[in-house]
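Residue numbers (this note's numbering): 177 to 368.
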């Protein structure tokens, strides 16, 4: 096995003001930083400025940091709220920038909602999207129902049960990322 750390970017998927999902993304970054098998970088959909007059295939060249991060990535974590049972538009726009760069890489979801469902419906919506992109979803999701009760105003975790949940979530993603990395490096495929 490779001694190289797993490279797993985190994508924060909403531009809304007062977004509670930012607390989740930043807290996950601290959990990743405690591990000796992973490294990460936080990407925020707020930082992607899309042209308002349309764009074509060349658009990904306008976002080289994202493209290069996904090329180098072993997996991806998406932190997303649920809006009307669905995916935030800016998140879908960022994901649609790339295609072959995602193929045969795992993706894990941390979903957020203000109500009791914890983002389960947005994950269901996202599954067919990531499958079309060539990503492979983990079976371990990290759901934050009533997220407003899970963190204080500064983003400090209030519910310590999430520590174990996050560790299990990251352990599963590490297993998949390691396995898929080995496969990409050792098993020929027409996709990479």
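All residues carry an ideal CB built from backbone N, CA and C; glycine is no exception.
All values derive from a computational prediction rather than experimental measurement.
Exercise for review: Given a cut-off of 8 Å, decide if residue 331 and residue 242 are closer than it, judged by their beta-carbon atoms.
Suggested key: Their beta carbons are not under 8 Å apart, which means residue 242 does not touch residue 331 by this criterion.
Point to revise | C-alpha distance - residue 200 paired with residue 214, whole-angstrom precision | key: Rounded to whole angstroms, residue 200 to residue 214 spans 18 Å at the Cα level.
Practice item. Indicate whether residue 224 and residue 185 have their beta-carbon atoms separated by less than 8 Å. Key: Cβ atoms of residue 224 and residue 185: not closer than 8 Å.
Exercise for review: Say whether the stretch 292-307 touches the stretch 330-345, bearing in mind that this needs 3 or more beta-carbon pairs closer than 8 Å, one atom from each stretch.
Suggested key: Not touching, per the Cβ criterion.
Review point. Is it the case that the Cβ atoms of residue 349 and residue 287 are separated by a distance below 8 Å?
Key: No. Outside cutoff.
Practice item. Determine the DSSP secondary structure at residue 240, reduced to helix, strand or coil. Key: Here residue 240 sits in helix by DSSP.
Review point. Under 8 Å between the Cβ atoms of residue 196 and residue 291?
Key: The answer is no: Cβ separation not under 8 Å.
Practice item. Could you say which of 192, 299, 181 and 222 lies nearest to residue 212 if we only look at CA atoms? Key: From the listed residues 192, 299, 181 and 222, the smallest Cα separation to residue 212 is found for 181.
Practice item. Return the CA-CA distance between residue 296 and residue 363, expressed in angstroms with no decimal places. Key: One C-alpha to the other measures close to 34 Å.
Check your understanding: residue 260 to residue 314, Cα distance in whole Å?
Key -> So the two alpha carbons sit approximately 23 Å from each other.
Practice item. Note the first and the last residue of the continuous beta strand (DSSP E) segment covering residue 285. Key: Per DSSP, the continuous beta strand (DSSP E) segment holding residue 285 begins and ends at 281-288.
Exercise for review: Could you tell me how far apart the beta carbons of residue 452 and residue 217 are, in whole angstroms, since I believe they sit closer than 8 Å?
Suggested key: Coverage of the chain is limited to positions 177 through 368, which leaves residue 452 absent and any answer about it impossible.
Review point. Does DSSP classify residue 215 as helix, strand or coil?
Key: Residue state, collapsed to three classes: strand.
Check your understanding: Using a Cβ-Cβ cut-off of 8 Å (strictly less than) and excluding sequence neighbours within five positions of residue 283, which residues of its own chain qualify?
Key -> For residue 283, where only same-chain residues beyond five positions count, the Cβ hits under 8 Å are 251, 252, 253, 254, 306, 311, 312, 313 and 314.
Review point. Leaving out the 5 sequence neighbours to the left and right, which residues in its chain are closer than 7 Å to residue 341 when beta-carbon positions are compared?
Key: Result list for residue 341: 318, in chain order.
Check your understanding: What is the DSSP secondary structure of residue 186, reduced to helix, strand or coil?
Key -> Look at residue 186 here: in three-state DSSP terms it is strand.
**Study point:** Cut-off 8 Å between Cβ atoms - residues of its own chain near residue 209, not counting five sequence neighbours on either side
**Key:** Scanning its chain for C-beta atoms nearer than 8 Å, with the 5 sequence neighbours on each side dropped, one finds around residue 209 the residues 216, in chain order.
Review point. With respect to the beta strand (DSSP E) encompassing residue 255, which residues constitute its N-terminal and C-terminal limits?
Key: If you look at residue 255, you'll find it in the beta strand (DSSP E) that goes 252-257.
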